[in-house]
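Take the sequence shown: its position 118, counting from 1, is numbered 118 in the UniProt record's numbering, and each next residue is one higher.
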Amino acid sequence: MKAFFNTIDRLADYRVVFTYNGLKINKTIPGHVKIVSWSPQLDLLSHKRTKLYITHGGLKSVKEAICTSTPLVILPLFAEQTFNAALALKLGIGKSLNKYTLTEDKLYKSIISVLEEPKYAAAVAKHSQMFTDLPIPALDEGAFYANRAIRLKDEILTLRLRVQTELVCGSARTYCHNLCGCLGFVEFVMGLMKD
């Protein structure tokens, strides 16, 4: 955490919004840094002056960064975050740092690199365009499917019940078929043992 705060101190040319609700920070917070316990992440990423997103690399965070054309510096901690960081590297939309070898200098250089090298902003803008390119607006598509569900409510319910019944009956038939096969085999073996 010390490396992180020291790095933020060095970024005096940038306004930093840090979402943090951990232990009390016993350090003077510089004027260019705002620490909040919660922030409207998507709104911040969508803001035209947002230049970089430093994140743990959760799927939602990476997806929102791509959708808002925001380059990344990822510090994966666990679960799918390492995979997401590797994906970001492969796409060229940011950098990833290892939490075990993190130093203030590595973090600072990664941040400055992503901020100053145009290739990261260009790559994330390209992937954002691909990611958000839809044949119709998402709201219109959602409205269509909601109206469709209302309009076809009875048919959908009937179809769902039929499919579930077929799955259950099909499973029961398969189970019965397998059980009969096993019993037949046991009977056959017992018949061999009698002779």
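Even glycine gets a Cβ: it sits at the ideal position worked out from N, Cα and C.
Scanning its chain for C-beta atoms nearer than 6 Å, with the 5 sequence neighbours on each side dropped, one finds around S96 the residues I74, A85 and L89, in chain order.
The alpha-carbon of H56 is positioned some 9 Å away from that of T82.
In the DSSP assignment, G94 falls within the unbroken beta strand (DSSP E) covering G94 to S96. In this structure, L107 sits near A3, with a CB-CB distance shorter than 8 Å. Linking L72 to K99 through their CA atoms gives a straight-line distance of about 16 Å. Taking C-alpha positions only, P30 is separated from M1 by approximately 16 Å. Within 10 angstroms of the beta-carbon of Y20 lie fewer than 16 other beta-carbons, which makes it exposed.
Of all C-beta pairs linking the segment 141-150 to the segment 39-50, fewer than three are shorter than 8 Å, placing the two stretches out of contact.
S69 counts as buried, since at least 16 other C-beta atoms from the protein chains shown sit within 10 angstroms of its C-beta.
In terms of Cβ geometry, G94 and K119 do not form a close pair [threshold 8 Å].
Following the DSSP letters along the chain, one finds K2 in no beta strand (DSSP E) but inside the alpha helix (DSSP H) bounded by residues K2 to R10.
A check of alpha carbon separations from L42 across F18, K34, G142 and C67 identifies C67 as the nearest. According to DSSP, V36 shares a beta bridge with T19. S37 sits exposed, since fewer than 16 C-beta atoms from the chains shown fall within 10 Å of its C-beta. Scanning its chain for C-beta atoms nearer than 6 Å, with the 5 sequence neighbours on each side dropped, one finds around R15 the residues H32, in chain order. Taking the Cα of A125 as reference, the smallest distance to any Cα among L52, E104 and F78 is reached at L52. Shown here, I29 sits in coil according to DSSP, grouped into three states, outside any helix or strand. Counting every other CB atom within 10 Å of its CB across the protein chains shown gives V17 a total below 16, marking it as exposed.
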